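Colleague: Residue numbers (full-length UniProt numbering): 1 to 915. Beta carbons are placed, not taken as given, at the ideal position from N, Cα and C, and that holds for glycine. Note that the structure is predicted; figures quoted are calculated from it, not measured. If you scroll down you'll find the structure; I have some questions about it.
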Amino acid sequence: MKFTRFYKRWEEKLGTPFEKYGAMVSRYPWHILIACVTINCLLGLGLFRIESETDTETLYTPQNSQSKADRAVVRSIFTDDKSGSNFYSKSTTEQNMYADIIIKPKDGSNVLTTTYVDETERIYNYINTMVNVTIDGTTLSLADVCALRSGSCVVDGDFVFSTAFRTAMASNTISYPLFNFEYLSGAFGDAQSSGGYLTSAKMVRLIFYLRQDTSTASSRSTDWEKKYIEMLETVSSSLVDIAYSTSTSLDDELAKNVNGDILYFAVTMAMMLSYAGFATSGGDCVSDRQNLGRAGVVATGIAILGGFGLVSAVGVKFVSIVGTLPFLIIGIGLDDMFILMSCLADCPVKGTIEEKLKETMRTGGVAITITSITDFLAFAIGASASFISVRNFCLYAGVAVLFCYINQLTFFLPCMAINERRMARHYHCGTCRPIETREELRAKGKPGCHVFCCGGQVPRKRNDNESPLEKYPKLFFQNIVQSLPGKITIAVLFVAYLAATVYGITNFKRGLLLSNLVNEDSYFYTYSKLTEGHFTSEITIGFTVTSTQTYSDATIQSRISDLLSNARADADINPSVTFDWLTDYKSSGYYSAVSETSFIAGLKTFLTTRPDHANDVVINSAETNIVGARFFVLTNDLPDSEERGNIMLQMREVADNSPLPVVCFSWPFIYFDEYASVFSITFTTVGVAIAAMFVVTLLFMPHPLLVVCVTGTMVMICAGMFGFMHFWDLTLSSITMIDIVLSIGFSVDFSAHICHAYITVDGATRKERVHRALDRAGGPIINAAISSIMGIVVLAFSSSYIFKSFFKLMFLVMVFGLAHSLLLLPLIFSLVGPVTEVTVTPKPSVTDVNVSTISVPSDQQTNDDINKPDKTELDNGEGVYNEIIPQKSELDNWEDIFMTIPNGSTPNVTISTNL
Numbered sequence: 001m002k003f004t005r006f007y008k009r010w011e012e013k014l015g016t017p018f019e020k021y022g023a024m025v026s027r028y029p030w031h032i033l034i035a036c037v038t039i040n041c042l043l044g045l046g047l048f049r050i051e052s053e054t055d056t057e058t059l060y061t062p063q064n065s066q067s068k069a070d071r072a073v074v075r076s077i078f079t080d081d082k083s084g085s086n087f088y089s090k091s092t093t094e095q096n097m098y099a100d101i102i103i104k105p106k107d108g109s110n111v112l113t114t115t116y117v118d119e120t121e122r123i124y125n126y127i128n129t130m131v132n133v134t135i136d137g138t139t140l141s142l143a144d145v146c147a148l149r150s151g152s153c154v155v156d157g158d159f160v161f162s163t164a165f166r167t168a169m170a171s172n173t174i175s176y177p178l179f180n181f182e183y184l185s186g187a188f189g190d191a192q193s194s195g196g197y198l199t200s201a202k203m204v205r206l207i208f209y210l211r212q213d214t215s216t217a218s219s220r221s222t223d224w225e226k227k228y229i230e231m232l233e234t235v236s237s238s239l240v241d242i243a244y245s246t247s248t249s250l251d252d253e254l255a256k257n258v259n260g261d262i263l264y265f266a267v268t269m270a271m272m273l274s275y276a277g278f279a280t281s282g283g284d285c286v287s288d289r290q291n292l293g294r295a296g297v298v299a300t301g302i303a304i305l306g307g308f309g310l311v312s313a314v315g316v317k318f319v320s321i322v323g324t325l326p327f328l329i330i331g332i333g334l335d336d337m338f339i340l341m342s343c344l345a346d347c348p349v350k351g352t353i354e355e356k357l358k359e360t361m362r363t364g365g366v367a368i369t370i371t372s373i374t375d376f377l378a379f380a381i382g383a384s385a386s387f388i389s390v391r392n393f394c395l396y397a398g399v400a401v402l403f404c405y406i407n408q409l410t411f412f413l414p415c416m417a418i419n420e421r422r423m424a425r426h427y428h429c430g431t432c433r434p435i436e437t438r439e440e441l442r443a444k445g446k447p448g449c450h451v452f453c454c455g456g457q458v459p460r461k462r463n464d465n466e467s468p469l470e471k472y473p474k475l476f477f478q479n480i481v482q483s484l485p486g487k488i489t490i491a492v493l494f495v496a497y498l499a500a501t502v503y504g505i506t507n508f509k510r511g512l513l514l515s516n517l518v519n520e521d522s523y524f525y526t527y528s529k530l531t532e533g534h535f536t537s538e539i540t541i542g543f544t545v546t547s548t549q550t551y552s553d554a555t556i557q558s559r560i561s562d563l564l565s566n567a568r569a570d571a572d573i574n575p576s577v578t579f580d581w582l583t584d585y586k587s588s589g590y591y592s593a594v595s596e597t598s599f600i601a602g603l604k605t606f607l608t609t610r611p612d613h614a615n616d617v618v619i620n621s622a623e624t625n626i627v628g629a630r631f632f633v634l635t636n637d638l639p640d641s642e643e644r645g646n647i648m649l650q651m652r653e654v655a656d657n658s659p660l661p662v663v664c665f666s667w668p669f670i671y672f673d674e675y676a677s678v679f680s681i682t683f684t685t686v687g688v689a690i691a692a693m694f695v696v697t698l699l700f701m702p703h704p705l706l707v708v709c710v711t712g713t714m715v716m717i718c719a720g721m722f723g724f725m726h727f728w729d730l731t732l733s734s735i736t737m738i739d740i741v742l743s744i745g746f747s748v749d750f751s752a753h754i755c756h757a758y759i760t761v762d763g764a765t766r767k768e769r770v771h772r773a774l775d776r777a778g779g780p781i782i783n784a785a786i787s788s789i790m791g792i793v794v795l796a797f798s799s800s801y802i803f804k805s806f807f808k809l810m811f812l813v814m815v816f817g818l819a820h821s822l823l824l825l826p827l828i829f830s831l832v833g834p835v836t837e838v839t840v841t842p843k844p845s846v847t848d849v850n851v852s853t854i855s856v857p858s859d860q861q862t863n864d865d866i867n868k869p870d871k872t873e874l875d876n877g878e879g880v881y882n883e884i885i886p887q888k889s890e891l892d893n894w895e896d897i898f899m900t901i902p903n904g905s906t907p908n909v910t911i912s913t914n915l
C-alpha cells in the first residue's frame, strides 16, 4: 500500500507541468498550432540537402573493425594491386572490379557439351568486341579496361575455350578440382565429379577482371561496367539463359531503392487517414471526432517532414532502410493520439475546456511521454552501433520519434482544444455551423435524414462518441481476463510462447546474403541467387608478415612452415593447397641461403619465372632485405555465413599464436566481420537498451511490481523476436538488428500504457481496477496496434527483402506487445496487482432522495439539458443517484450540484438526502 500511495503522490508531481501546459494550450490553441506547422515546414526544407549512402561496405560492415585495420596494414606494405600488369585476384586487398556472367542451359541439362561451350564462346566474343564505351571521344573495349597478366586480359573461366579443355571434355577426362593449374570449382555451378574427374555441371561462370590500379583506370572501368549491364540486357539466346552483374551492381541497385517505395507510402497515408476517421467515428454531428482522428495522422506526417529535414540538413546520409520509417512513425503517432483521446473521453463532461485539457495532459501527457522517451532512447542507443546502416537509421528514427511526440503536444493537442470549442458551441463537425439537437429537430417535424445529418449534442458520457473499434474489442479482453477458463487459457498460451521462443533461439542463424539487399525483380537478385545456391565458395586467406625478417634463416623458415601447417590443420582449410612462394623457391634451382643478399638475388630470378608469386614479396630498394611477404591458404566450400565468420576468427587465432609478426587478412573478411560481430553488437545494444528502459520505467512509474512487469514483458518480447526469426526464415544481420532495436521501444509502449492505466484508475478491488484499466487503455492499445500493422502491411507486398523483413518483425512485435499488455499483464494484476485503500461510502437509496421539482424555463433549454435525467433513469434509483446526486468528492463543494443547470436559468430544486 505504501508504494501505491507514494506512486500517487509522484504521479501528481509529474502531472503538474503537463497540467499547466494543457491550460496554456486551451487558451492559445491557434497560436501554438500555427507555430508548429511553420517550424516543421521550415525544417522540412532541409530535405533539399539530403544525400544518400549506397556503398555496401560502408553501410553493412562494422566501422573500425579488425579486418579494416588489418587491410590498412597490408595496403601499407603491398601498395599496388598489379591489375595493370600482373593481376592475381588473391593478391587484392579489396573487392576487385569485375564484370561477371553466368550461362545456364534453358533445359537445365549438362553444360559440358560442345553445343553449350560454343554458345558460351559466342557470348564471350560478343562481350569482347561489342561492349564498348566512348570516353572523351575514344572508344574503349574490354581489352582497353581489363586487368592484365602477361599482356592479356584476365578472365576466370576462359580455359573452357582452350583446345586442352575441349579435348578432355570429349573424352570425359576433365580433372577436378584442378585442371592444368586452374581451379574449376568457382567456374562451374552444380558441378558433379567422380574419381577425380568432372562429370557434369549445370552452368558455367566467366569473370572479366578490370583495371583499378589508378584513378583513371578505375573511372574507365566503372563506365565500361555500366555499358556492360546495358548491353547484356539485350543479349538473347535460344539455348541458354544468362545472369550477370558487375562490382558496382549492388551499390547501383541499392541506389534505386534509396527513396523507399513512394507508392506504398501514399497508399499507407490514405489507409491511415481512413482508419483514423473510422476508429474515431461515433456519436452525432456534434460529438463526432473523425476530423480529430485525421488531425493525428497529419501531425505525424509533418513530424516526418520536420524530423527528416533536420537530420538531412545536418549531413546525416539517407540509407535505403530509412525508407521504412514513415510507415513506422505513423503507427507511433496514432498510438499517442488514441491515448490522448481516451484520456479526454475520461474527463468529466461538465468540466470546462481548460479543465479537460489539464486532466488529459495529467494522465495522457505522462503516458505518451513515457513511451516516447523509451522509443527515443532505444534509437539513441542503436545510433551507437558500429554499422552505418543501423546508426543512420536510428538517427533518423530517433529524431522522427521526438518530432512525433512534440507534434502531439503542439499540433494534435491544440486540435483537441479547437474541437472541444466547436462542440461547446454546438457546431456541426463538418460544416462548423451551429445546429440544434436531434430532439429539437424531431419536435419541429424535420425528416429523419435531416435529423441524423444535421442534429447533435455534446456527449453525456464516455461511450457516447466512441466508435465500435473503441467500444467492443476491449470487451473481449475484459471478459477473458476476468473468467477462470480465460485465465487458464492465457497461462497455457504464454507457456507455449516461451517454449517456441527457446526453441527458435537455439536454432536461429546470423549473417546477411547480398541478394537480400535488392528487389527480387533486379538482375542482381537473379545473379546472386545463382551464385549463392549453385556455386562453391572457397576463400583465399593471406598471412602477411608485417616487418623485415631474415628469410634465409632456418628459424624464420621453420616458423613460416609451422604457421601454414597450423592453418591447414583446420577442418575448413583445404590441406592440399598452399600458395607458398618460400617453399616453391626452396625447391627451385635458384635457391640460395648463403646470405640474405644471395637469398634475395636468387629470389628475384625465381619470381621472373613464377609471376603468380611476384606480388607476394616486397624487397627494399637496396635489395638487402625483404620488408614484407605473404602466404596463402585456401578454404573448403563455405556456403554458410556462420562458417565464414568462424574461419576468419580461427585463422586470426593461428596468426596470433605465431611468434612472427603476422596479420591474417582476405578482402571478404570485411564482410565476414559483420557475421562474426553482429551477434555481440546486437546483444550488447539490446542489453544496454533494456537497462535504460528499466531506469525510465523506474523514474516514471516507481512501483516495484510495475517496474518488474514492464521490464519482464520487454525481455519476453525481445526474446520472442529472436526466437520467432527462426520460424520466419530470418537471420540476424545488420538489417534485422535494426528491427530488434525497434522492438525494444515498442515492447515498452503497450505494457507501459496498461501499467500506467492500472495504477491511475480508481477501484477498490483488483478486478475492478483491471476492468477500468482495460476500459481506459484497451481501446487505444488495440487501435494503435491495428493502425501500426496497417501502416506496415503494404510492405509485405514489396519485392525488397529489407521491407519484407521489416514487416515481419514489426508484425511480430505488435502481436506480442498486444498479447502481453492485454492478456498477460491484466492476468498478473488480477492476481497480485497493487490496490489502494478506499473508504466506501454507501450510496443513498431512492427513498433517501426526494426530488421535488426540477424545472428549467423552456426558452433557456440548451445543450446543458443533457444532464437532466430522462424518464427511464427516474424509474431507476441508480439513475437518479448517478445523474442528480453528485459523487462524494463533489459534495465537498456544494456549488457543483448546480453546474448541470444552464447559465441564466432559475431552477427549482429541492433535495433531501441522508448521507
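(1) Return the bridge partner residues of M203 from the DSSP annotation.
(2) Ordered along the chain, which non-local residues of its own chain (more than five positions away) have a Cβ less than 6 Å from that of G364?
(3) Just to confirm my understanding: we take Q63, look at its own chain, exclude 5 residues before and 5 after, and list those with CB closer than 8 Å. What are they?
(4) In whole angstroms, what separates the C-alpha of T853 from that of V695?
(5) For V154, which residues from the same chain have a beta carbon less than 6 Å from its beta carbon, with the 5 sequence-adjacent residues on both sides left out?
(6) What separation, rounded to the nearest whole angstrom, lies between the Cα atoms of F318 and T736?
(7) Let me know the secondary structure DSSP gives V545 once reduced to three states.
(8) Assuming V322 contacts N407 (C-beta within less than 8 Å), just tell me the rounded distance between them.
(9) L45: which of S219, G307, V297, G15 sits nearest, CA to CA?
(10) Which of helix, strand or coil does DSSP assign to D118?
(11) For W224 and S372, what's the separation of their Cα atoms in angstroms?
(12) Could you please give me the residues that DSSP links to N519 through a beta bridge?
(13) Please state the DSSP three-state secondary structure of T246.
(14) If I measure Cβ to Cβ from T765 and keep anything under 7 Å in the same chain, skipping five residues before and after, which residues do I get?
(15) Can you tell me whether K356 is buried or exposed? The criterion is at least 16 other CB atoms within 10 Å of its CB, across all chains shown.
(16) Go ahead and label Q549 buried or exposed: buried means 16 or more other beta carbons lie within 10 angstroms of its beta carbon, across all protein chains shown.
(17) Unbroken beta strand (DSSP E) runs of length 3 or more, entirely within the stretch 561 to 605: which are they?
(18) Which whole-angstrom value describes the C-beta separation of M693 and V748, a residue pair presumed to lie in contact below a C-beta threshold of 8 Å?
(19) Give the single residue among Y503, I828, D580 whose Cα lies nearest to the Cα of M721.
(20) Which same chain residues, not among the five before or five after A168, have their C-beta less than 6 Å away from its C-beta?
(21) How would you call V832, buried or exposed, if buried means at least 16 neighbouring beta carbons within 10 angstroms?
(22) With 16 other CB atoms within 10 Å as the buried threshold, where does I488 fall?
(23) Rounded to whole angstroms, what is the Cα-Cα separation between T114 and R166?
(24) Output needed for N620: all residues of its chain with C-beta closer than 7 Å, excluding positions within five of it in sequence on either side, in chain order.
(25) May I ask you to report which of helix, strand or coil DSSP gives D80?
(26) Just mark K474 as buried or exposed, buried being the case when its beta carbon has 16 or more other beta carbons within 10 Å.
(27) Whose CA, out of G293, V286, E420, lies closest to the CA of F278?
(28) Thinking C-alpha only, which one of F672, A752, H613 is nearest L513?
(29) Can you tell which of S666, T624, A752, V708 has its C-alpha closest to the C-alpha of T544?
(30) Let me make sure I understand the geometry here. Which of S89, Q66, T93, D70 has the alpha-carbon closest to that of T79?
(31) Hey, would you say S91 sits closer than 8 Å to D100, going by beta carbons?
(32) Jot down the residue ranges of each uninterrupted beta strand (DSSP E) in the stretch 651 to 717, minimum 3 residues, whole runs only, in chain order.
(33) Are there any heavy atoms of the ligand COA lying less than 7 Å away from the beta-carbon of T114, as far as the coordinates show?
(34) In the DSSP assignment, find the beta strand (DSSP E) that holds I135 and state where it starts and stops.
(35) Is A400 buried or exposed, if buried means 16 or more other CB atoms sit within 10 Å of its CB?
(36) Is the distance from the Cβ of A784 to the Cβ of D335 below 8 Å?
Modeller: This is what the structure gives:
(1) The sequence position of residue 203 within the sequence shown is 203, counting from 1. G189, per the DSSP bridge assignment.
(2) The count along the sequence shown starts at 1 and reaches residue 364 at position 364. Residues I339, L340, C343 of the same chain have their beta carbon placed closer than 6 Å to that of G364, with the five preceding and five following residues left out of the count.
(3) Translated into the one-based positions of the sequence shown, residue 63 becomes position 63. Here the set comprises S386, F387, I388.
(4) Position 853 of the sequence shown, counted from the start, is the residue given in the question as residue 853. Position 695 of the sequence shown, counted from the start, is the residue given in the question as residue 695. Residue placement at T853 is poorly supported in this model, since its pLDDT is 39, which falls under 50; the coordinates still yield a value, given next. Cα atoms of T853 and V695: separation of roughly 57 Å, rounded to the nearest angstrom.
(5) Along the sequence shown, read from residue 1 onward, the residue named residue 154 stands at position 154. So the list reads F87, A147, Y209, once near-sequence residues are dropped.
(6) Mapped onto the sequence shown, residue 318 falls at position 318. Mapped onto the sequence shown, residue 736 falls at position 736. Approximately 18 Å, taken between the alpha carbons.
(7) One-based indexing of the sequence shown puts residue 545 at position 545. Three-state DSSP puts V545 in a strand.
(8) To locate residue 322, count along the sequence shown from 1; it is residue 322. To locate residue 407, count along the sequence shown from 1; it is residue 407. At roughly 19 Å, the Cβ-Cβ gap does not stay under 8 Å, so V322 and N407 are not in contact.
(9) In the sequence shown, the residue the question calls residue 45 occupies position 45. Comparing Cα positions, the closest option is G307.
(10) Numbered from 1 along the sequence shown, position 118 holds the residue referred to as residue 118. Helix, per DSSP.
(11) By 1-based counting over the sequence shown, the position of residue 224 is 224. By 1-based counting over the sequence shown, the position of residue 372 is 372. Rounded to the nearest angstrom, the two C-alpha atoms are 50 Å apart.
(12) Here residue 519 is taken as the residue at index 519 of the sequence shown, counted from 1. Note: N519 sits in a beta bridge opposite S800.
(13) In the sequence shown, the residue the question calls residue 246 occupies position 246. Reduced to three states, the DSSP call for T246 is strand.
(14) Position 765 of the sequence shown, counting from 1, holds the residue named residue 765. For T765, where only same-chain residues beyond five positions count, the Cβ hits under 7 Å are V835.
(15) As a working mapping, residue 356 is identified with position 356 in the sequence shown. Around the Cβ of K356, a 10 Å sphere holds 16 or more other Cβ atoms; the residue is buried.
(16) Counting from one through the sequence shown, the residue named residue 549 turns up at place 549. It is buried - the Cβ of Q549 has at least 16 other Cβ atoms within 10 Å.
(17) 573 to 579
(18) By 1-based counting over the sequence shown, the position of residue 693 is 693. By 1-based counting over the sequence shown, the position of residue 748 is 748. Contact flag correct, Cβ pair sits at about 5 Å.
(19) Working through the sequence shown from its first residue, we reach residue 721 at position 721. Closest option to M721, Cα to Cα, is Y503.
(20) Sequence index remark: in the sequence shown, residue 168 carries index 168 (1-based). So the list reads I174, once near-sequence residues are dropped.
(21) In the sequence shown, counting from the first residue as 1, residue 832 sits at position 832. By the neighbour-count rule (16 or more Cβ atoms within 10 Å), V832 is not buried but exposed.
(22) If you number the sequence shown from 1, residue 488 lands on position 488. By the Cβ neighbour-count rule, I488 is exposed, with fewer than 16 other Cβ atoms within 10 Å of its own.
(23) Sequence index remark: in the sequence shown, residue 114 carries index 114 (1-based). Sequence index remark: in the sequence shown, residue 166 carries index 166 (1-based). Each residue's Cα considered, the two are about 8 Å apart.
(24) Here residue 620 is taken as the residue at index 620 of the sequence shown, counted from 1. Closer than 7 Å at Cβ, skipping near neighbours: V627.
(25) Working through the sequence shown from its first residue, we reach residue 80 at position 80. Coil at D80, not helix or strand.
(26) Residue mapping note: residue 474 aligns to position 474 of the sequence shown, counting from 1. K474 is buried by the Cβ-count criterion.
(27) Sequence index remark: in the sequence shown, residue 278 carries index 278 (1-based). F278 has its Cα closest to that of G293, out of G293, V286, E420.
(28) The residue given as residue 513 occupies position 513 in the sequence shown. The shortest Cα separation from L513 among F672, A752, H613 belongs to F672.
(29) Mapped onto the sequence shown, residue 544 falls at position 544. Looking at the Cα atoms, S666 is the closest of the given residues.
(30) Mapped onto the sequence shown, residue 79 falls at position 79. Here the closest residue by C-alpha is T93.
(31) Your numbering for residue 91 matches position 91 in the sequence shown. Your numbering for residue 100 matches position 100 in the sequence shown. Contact flag unset, no.
(32) 662 to 665
(33) Among the components of this structure there are no ligands whatsoever, and the ligand COA is therefore not found.
(34) Translated into positions along the sequence shown, residue 135 becomes position 135. Unbroken beta strand (DSSP E) run through I135: 133 to 135.
(35) Here residue 400 refers to the residue found at position 400 when the sequence shown is read from its first residue. It counts as buried.
(36) As a first step, residue 784 is located in the sequence shown; it is residue number 784 there, counting from the start. As a first step, residue 335 is located in the sequence shown; it is residue number 335 there, counting from the start. Going by beta carbons, A784 and D335 fall inside the 8 Å limit.
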